[in-house]
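> Just passing along the structure, written as structure tokens.
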Ligand code: BYC
Ligand code: FE
Ligand code: FE
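In my numbering, the protein residues as written are 1 to 482.
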């Protein structure tokens, strides 16, 4: 019998969905594979395609021991199709079909909606790889370089996950969408990626860490909502993706944590009390905390945009149809239909930011965003603990949700990070105090000198507390020239 916990590595495409006996889908995926490899070689990590990278590969979907570690050349990584095991008798757990058996096939009436959700999710995955493709060249250590590449190959696998759903369940238009996913390019003027944040540059390692903290965390929230889906194959796919997502957020959280740790240690050693004495802190070759705050303001606000408009009929339709739930849907104690419920939404009323009761159904994006903000807040408090322990007097704060927005209720409003409304001219004058300026970027770029000696770290970042796979400090995570 086929063991759905373990991954079949005998086929060209590792999987636990019995592709071997699903000839049509296997053929479609095998047809898509060469284009994917071309895309990876063109748009994946630049300059390291022949290096040996100490990567984990999924060998099972059992949360205990699903990964094995080994040196792999990235184009030879075994990208696979891995779904969490099917739960017996799973139901649609919300919306107008609540209580019906979960769907194993696409309900005809929801085909277009579902395809759109899957395509949007799929589009972000290769986009992030494209955004990060030059970072290997300025990695602060082999450990960090390896983590970057691990994140990249797993985002590649997330693309596979969505392409499998498109090809298996959406016939010809699914195959067309799968091809389009390889054609769009992050930041391209004619053929950009679908969502705003995925067309922004990731110019340096602090941005990379902020991205994996804030933007991959949007991934977590969206995947949690899609894991609730009544369309069972989507739910199972997202459940396994979430186990990988945890590492991406670990990379972001510890990356920023190590950066501020190093900054604070250097300040203490040099006897600098004032965190706002930017010039003196920078002279130590570390990133001053106000600049870390500005980077955070940027990446948090860009990531908030990924939740869509606060009030959205799309979100209500996805929910009613049983396609996309709330964060932790099955643990929430209510009717899971939301026909009469209301939710407090931040809106502009007479030029002021005001909390207004709105129907919960149309406010689902706002609700998910609130859950996200809370999750971010906890992580930022862990960073603040690091600062506090060193004795430096400084706190990082999430900016107001109205700050620097391009989607939704506040897209035409300028505010300070604390949410005070500004006119256009004042905003223009203050912008560089709130968001990274050209000069801030130049300074950070000047620190981005590669360190490729095993066990060594760039001066602006502290070493990690522990190695990957319990490897010792001197471990050569990437054999660059082989
Ligand atoms: N940029 O009704 P609205 C991840 C469009 S990240 C550009 O408010 P809705 C990852 C919208 O499409 C997770 N356009 O939006 C992280 C709509 O267009 P139409 C990715 C935007 O639909 C790191 C119109 O504006 N997954 O996995 O309620 C590394 C009106 O919008 C944006 C998902 O997002 C934007 N930011 O909500 C790697 C899950 N926002 O219909 C990976 C699937 C909105 O007028 N997606 N628009 O043509 C969704 O659930 C929803 O599509 C959204 C938007 C939450 C994104
Ligand atoms: Fe992903
Ligand atoms: Fe991710």
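For every residue, glycine included, the Cβ atom is placed at its ideal position computed from N, Cα and C.
If you scan the region 94-162 from start to end, which runs of the alpha helix (DSSP H) of 4 or more residues do you find wholly inside it?
Those alpha helix (DSSP H) runs which fall completely within the region 94-162 and span 4+ residues are 111-131.
> Apart from the five residues just before and just after residue 448, which ones in its own chain have a Cβ nearer than 7 Å to its Cβ?
Excluding residues within five positions, the ones whose Cβ falls inside 7 Å are 138, 204, 205.
> Residue range of the beta strand (DSSP E) that residue 359 falls in?
That run of the beta strand (DSSP E) goes 352-359.
> Using 8 Å as the Cβ pair cut-off and three pairs as the minimum, do the region 207-220 and the region 252-265 touch?
Segments in contact, yes.
> Is residue 1 helix, strand or coil by DSSP?
For residue 1, the predicted structure reports a pLDDT of 41, less than 50, and the residue's modelled location is therefore unreliable. A value from the coordinates is still provided. It is coil, neither helix nor strand.
> Using a threshold of 6 Å, is the CB atom of residue 154 nearer than that to any non-hydrogen atom of ligand 1?
No.
> When burial is assigned at 16 or more other CB atoms within 10 Å of the CB, is residue 112 buried or exposed?
Answer is exposed; the Cβ neighbour count stays below 16.
> Output yes if chain C places a C-beta closer than 7 Å to the C-beta of residue 444; else output no.
No chain C is part of this structure, which consists of one protein chain only.
> What residue range is occupied by the uninterrupted alpha helix (DSSP H) comprising residue 208?
Residue 208 -> alpha helix (DSSP H) spans 205-210.
> Applying the 10 Å Cβ sphere with the 16-neighbour rule, what's the burial state of residue 9?
The residue is exposed, with fewer than 16 neighbouring Cβ atoms inside 10 Å.
> On the DSSP letters alone, give me the boundaries of the alpha helix (DSSP H) that residue 346 sits inside.
Unbroken run through residue 346 is the beta strand (DSSP E), 342-349; no alpha helix (DSSP H).
> Kindly list the residues whose CB is nearer than 8 Å to the CB of residue 398, restricted to its own chain and excluding five residues on each side of it in sequence; keep chain order.
Within the same chain, residue 398 has close Cβ partners 296, 300, 373, 376, 377, 380.
> Should residue 200 be counted as a contact of ligand 3 given a C-beta to heavy atom distance under 6 Å?
For ligand 3, not one heavy atom lies less than 6 Å from the Cβ of residue 200.
> So the candidates are 414, 443, 445; which of them puts its Cα closest to the Cα of residue 430?
Comparing Cα positions, the closest option is 414.
> Determine the DSSP secondary structure at residue 412, reduced to helix, strand or coil.
Note: residue 412 maps to coil in three-state DSSP.
> Ignoring anything shorter than 3 residues or poking outside the region 441-482, list the beta strand (DSSP E) runs there in chain order.
Listed in chain order, nothing qualifies, since the region 441-482 has no complete beta strand (DSSP E) run of 3 or more residues.
> From residue 41 to residue 188, what does the alpha carbon distance come to, in whole angstroms?
Going by the C-alpha atoms only, they are around 18 Å apart.
> Which residues in the same chain as residue 407 place their Cβ atom closer than 6 Å to its Cβ, once the five residues preceding and following it in sequence are excluded?
The answer, listed in chain order, is 305.
> Taking 6 Å as the cut-off, is the C-beta of residue 125 nearer than that to any heavy atom in ligand 2?
True, at least one ligand heavy atom lies under 6 Å from that Cβ.
> Which residues bound the beta strand (DSSP E) around residue 69?
Taken as a continuous stretch (DSSP letters only), the beta strand (DSSP E) holding residue 69 covers 67-73.
> Mind reading off the beta-carbon distance from residue 346 to residue 409? Whole number of angstroms is fine, and I expect it under 8 Å.
Going by Cβ atoms, the distance from residue 346 to residue 409 rounds to 7 Å, so yes, they are a contact pair.
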